Amino acid sequence: MGQSQHFQMTLSPSHPRFTTAKREQYYTVQYNREFSRAVETNSVPQQIDQYERIYSARAVAAQDAMWRCVLRLQKILDVDGDGNELSKFRAAKMVRNMQCNFDALEWRQSISRPNFIACVLRAMEDNNGQSYYNADKQKARAISSCLQSVFSAFDTLGQDALDWRAFMFYLNLVRNPHVDVQCHLCSYFRDIGVVGTKSMECLWQTLLHPFVKATRLEEMLSIFGNLWALVAFDGDDVCASRIARFPATRVPFEEMIGHPEIAHLFEQSCTLKWGRGKIFPVFISNWEHQWYNQPLFDIVRSSRRSRTITEKLNRDCKRMKHRVTKNWLKRAKYDALQRRVYMGMQQLMVLKRAERAFSAFLVCKERHSAALDVQRVVRGNLGRQVARSERSIYRSAIRIQTRWRMFLARNELRKLSFRYSEAVVAVQSHVRGALARRLALKKLMFLLYQQRTDNEQERQRIALDHGIWALTKLQSGWRRILSTRIAARLSQQVRRELTIQNAMKTQRSNFLRERKIYKRQLTDWYESMKADHDRRALEENRKKQGQIKIRTLQRCIKNEEIRNAPPDMSEELADAMWENIARQEILHIMGEEHQEELMQEMNCARIEREAAKQKALKAQLASEAHIRTTTYSASLIASACRKWLARKELRKRCAQIHEKLFDGDTHTFYYVNKLTGQSEWKKPLSMGSFDIPAKNEWILLTDSHRFPYYFNPFLIKMSYEPPHEVQMCQNAQFTHDWWQEYPPPKGPCPNFGVILSKDNGRYFCQDCYVNMKLL
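Written out as structure tokens, the structure reads:
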């Protein structure tokens, strides 16, 4: 006992080291130990009940998890990648492809996790072999997590294997929840064939497990065991083991489902009150209410409720169409009868009118010929008047356009010549003043000469003084103008010189800065070259030391060989001399290559500096061209704006002169000149694309059957009912002669009320008011 308690304390079933299979084995061992302990203490019934409740609760939770996972997968499969619901054909095709993939991949009943996910994803591909959810990574991750949860829910024992036939049965059951349980059972056994191989144990595992809660499995097995014995063996005394192993054929199972002993399970549930009315009846059987899991029961109830509401709406729609058709047939028969009576009366009236019309035909013929002559003359006169008015309007428009264009041209000429004349006006004002003063002086001198001849010397002196004064003023003014011009020219020259000097200083500073950078770069490059040279010299010294050591050893070896060899060494000496010559040539070639590399780097740096200068010059030229383009664009925009303002003012004045009215006979608009009173169908040409808005008012019109209706040309709205915002005529005894009835009915007047009666305080139209006054 102490060891078992220590084992439970060290490793509990929820420890992460336990897999699902190990956990089940642990539970089994623990259950056996506690069962043996309970047998010793005589507490077996309580322990059995406790474990039955625990295992039944776990089974119910596992069933709920399976239903929820399958329902979530069904919702994902019914939607494509864009979020649109798939059609029934495409969804059914996807399920068939899934089952075909399972059949082709696994001939056994179980399937592994990767194969299960691959089969489902392959069934979701379109005709091009691409999945609906490849573009949306979030939806792809949701599908993968859903498939993982489905496999984990069906793999209750943790064997990493899934019964795909049970999974497909669950999926098909979720796809058709509105079908009752009896039809599902019959359809499953109808697929087996005439002679099946299903026993009671297989029936419980593959079929009745989805339809029955885990807490009600014992009750279901006892009921179906008794029914199986009654139907399959017709009351023979057979052992229970033989009954359990007997194959489930098609005919005995259908007889068992239709047996009176089990009929109460397929009847309407009496405890469920919702959906038992006459308007929206929803059929829920006792089997479904008592034995279904809660997720499956919620799916069945919601689907049957929506299906019942849809059928009720379809029945109401058909009933309404039937009533409308019946009423329409009655109305059509009544209208046909009235039409026949009316046609008979009309034929009698036609015969009577023909008698009177034939006697007056000759007189009418003469009047008609005279009226035609008068109309021809009048139409000719009216046509000439209209042509004359259109010709005068066209000439007036051309004259107005010509005057307006001349006015715009003069304004443009004034604006262009204003700048040129500003400089001349100042000089002319001074010159004209001097000339005017000189002319006045001459006239004054002439008058003084005539009137004061005796004081000629004094007048000459005064004239001389005035001439000197005027010349002095002219000279001072002219000198002031010259000095102003010279000062402006000198200031411009100084500014240009300062600009050039600043540019030269800037260029000089840029050159010095670039020269300084170039010197620093060149110094750094030479220092790096010197460092590389020193490093190579050090390495060469090391190599030379090594070579000296090697040569020393070689010399020792050679001396040993010389001591041991014959004294003839002429060929070896010649080879050493040629090796020394080749070594000198290689060093000379390496120096020349290094010199060429240095020259090439210096040339590249010079080319980059020249390219930078050319780029700066191009940028300056581009900025100047941009300024010129901006100035030209501003002038073009200003001219276009002036033209637009002129056209806008012309349209505004035309809109003030003309008025847009609506013609009810032709249903078109026409324009009236308020000044001349002339009207025309075409819009004035001076208005261009602009149009005068129509008036927001209601107009009384009649249709082809002389029925009155109301039309608003501004809102383009038509109504047979009187508008609410307009005051109508309040005469209720108006004769409605447009109805083809005799005597004609009376009702409210369709005209607008424009006159307020002081007698009764009501509004009347013009005709009704005059008739009321006459009566």
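Be aware that the sequence shown starts at 336, since it is given in the working numbering, and climbs by one per residue. Even for Gly, the Cβ is constructed at its ideal location relative to N, Cα and C. From a predicted model like this one, the values you see are computed outputs, not experimental measurements.
For Leu456 and Phe424, the gap between their C-alpha atoms comes out near 18 Å. Beyond the five residues adjoining it in sequence on each side, Leu600 comes within less than 6 Å, by CB distance, of Asn621 and Trp622 in the same chain, given in chain order. Taking a contact to require three or more Cβ pairs closer than 8 Å, the stretch 824 to 841 and the stretch 909 to 924 do not qualify as touching. Residue burial is scored here from C-beta neighbours: His993 has at least 16 other C-beta atoms within 10 angstroms and is therefore classed as buried. By alpha-carbon distance to Pro1080, the top candidate from Thr1070, Ser724, Phe1087 and Gly1088 is Thr1070. In this structure, DSSP gives Asn1066 a state outside helix and strand, which the three-state scheme calls coil. Residue range Phe696 to Gln786 is occupied by the alpha helix (DSSP H) that includes Val712. Selection Ser487, Leu631 and Met1107 evaluated against Asn1095 yields Met1107 as nearest (Cα-Cα). Around the Cβ of Met655, a 10 Å sphere holds fewer than 16 other Cβ atoms; the residue is exposed. 8 Å or more divides the Cβ of Ala973 from the Cβ of Ile1027. Annotated as proximal: Trp1033 and Pro1058, with beta-carbon spacing under 8 Å.
Excluding residues up to 5 positions away in sequence, His765 lie with their Cβ nearer than 7 Å to the Cβ of Gly812 in the same chain. In the three-state scheme derived from DSSP, where H, G and I count as helix and E and B as strand, Phe1042 is classed as coil. The three-state reading of DSSP puts Glu914 in helix, counting H, G and I together. Rounded to whole angstroms, Gly718 and Thr737 show a C-alpha spacing of 28 Å. Annotated three-state conformation of Thr1011 is coil, per DSSP. Secondary-structure assignment with DSSP links Thr1037 through a beta bridge to Pro1043.
Secondary structure at Tyr1077: coil, using DSSP grouped into helix, strand and coil. Separation of Leu799 and Leu806 (C-alpha to C-alpha, rounded to the nearest whole angstrom) is 11 Å. With 16 or more other Cβ atoms inside 10 Å of its own Cβ, Ser1021 counts as buried. For Leu683, the number of other beta carbons within 10 angstroms of its own is below 16, and it is reported as exposed. For the pair Pro1085 and Pro1043, the CB atoms are nearer than the 8 Å cut-off.
Residue environment analysis places Tyr1045 among the buried positions, since at least 16 neighbouring C-beta atoms fall within 10 angstroms of its C-beta. Here DSSP, grouped into helix, strand and coil, assigns Gly1082 to strand.
Here Tyr669 is exposed, its C-beta having fewer than 16 other C-beta atoms within 10 Å. The C-alpha of Cys652 lies about 21 Å from the C-alpha of Arg666.
Here DSSP, grouped into helix, strand and coil, assigns Ser1054 to strand.
In this structure, the straight-line span from the alpha carbon of Gln1068 to that of Phe1099 is close to 12 Å. Secondary structure note for Lys1108: it is in no beta strand (DSSP E), and the uninterrupted alpha helix (DSSP H) holding it is Gln1101 to Leu1109.
In the structure shown, Glu791 adopts helical secondary structure according to DSSP, grouped into three states. In the three-state reduction of the DSSP assignment, Ile821 falls in the helix class, which pools H, G and I. Put simply, the backbone Cα of Val405 is about 19 Å away from that of Cys435. Sixteen is the threshold: since fewer than 16 other Cβ atoms of the shown chains lie within 10 Å of the Cβ of Ala940, the residue is exposed.
Under the DSSP assignment, Leu456 falls outside any beta strand (DSSP E), being part of the alpha helix (DSSP H) whose first and last residues are Arg448 to Ala458. By the 16-neighbour rule on beta-carbons within 10 angstroms, Ala872 is exposed.
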